[in-house]
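What follows is a short report on a single structure.
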Amino acid sequence: MTDHREVSIVRWPGQTPAIKDGLAALLAAYHLQTEAEKGESVANVHGLPDRYRAEITDPRTAFASDVVLVALLDNTVVGCLVVTSPNNGQAEIKRLWTDPESRGRGVASALLGAALTQATEHGVHTVRLSVWEWRTGAIAMYERLSFTATQSWDERKQLVCMQRSL
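What follows is the structure, given as structure tokens:
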């Protein structure tokens, strides 16, 4: 049976239900999974590097100059994405994560669509992102949305840098 519930995208914080705990849980899952995939598995949030732990415990401060978008299905937080503040006509998409139980329902695509709209409205002409090379499903989705691989701006190995003109 196919799930046809509509994905709602809201800006956090904002005039929305209290979603901080859901956002924190998504960010924790994102960082714990990423560390495990890099071979640096940690048991819980307390084992994460300080900068990642700060995003989880105090997203309002960690993303103070950025836009945080949250996806809801039936008022349940199921996805998140961060768009950095524009800089010289560029913005970066970070922390795109969909709860594994909600994947395949258009959550990530809805978040990316909202992020691209938000970036356009703020005068951004290029959106960029980075993704680990083993996340082939994510790379394929970005390519479907017209992102192309570009020269890396990050020194970490196995990181694919992509961008899209708006």
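Numbering follows my numbering, in which position 142 of the sequence shown is assigned residue number 248; successive positions increment by one, without gaps.
All C-beta atoms in this analysis are idealised placements derived from N, C-alpha and C, irrespective of residue type, glycine included.
*Leaving out five residues before and five after P192 in sequence, what residues of the same chain have Cβ atoms less than 8 Å from its Cβ?*
A225, H228, G229 and V230
*Buried versus exposed call for A255 [16 or more other C-beta atoms within 10 Å across all chains shown]*: exposed
*asked:* Quick test of the definition: if touching needs 3 or more C-beta pairs under 8 Å, does the region 245-254 touch the region 143-152?
replied: no
*Is it true that the CB of I245 sits closer than 8 Å to the CB of A177?*
no
_Just to confirm the assignment: which complete alpha helix (DSSP H) runs, minimum length 4, are found wholly within the region 139-192?_
156-163 and 165-168
*asked:* Are the CB atoms of D205 and S236 within a distance shorter than 8 Å?
replied: no
*Is it true that the CB of W203 sits closer than 8 Å to the CB of L138?*
no
_Residue from V183, K200 and G195 whose Cα sits closest to the Cα of Y158_ = K200
*Mind checking whether G185 and L217 have CB atoms under 8 Å apart?*
yes
*Is DSSP giving I125 helix, strand or coil here?*
coil
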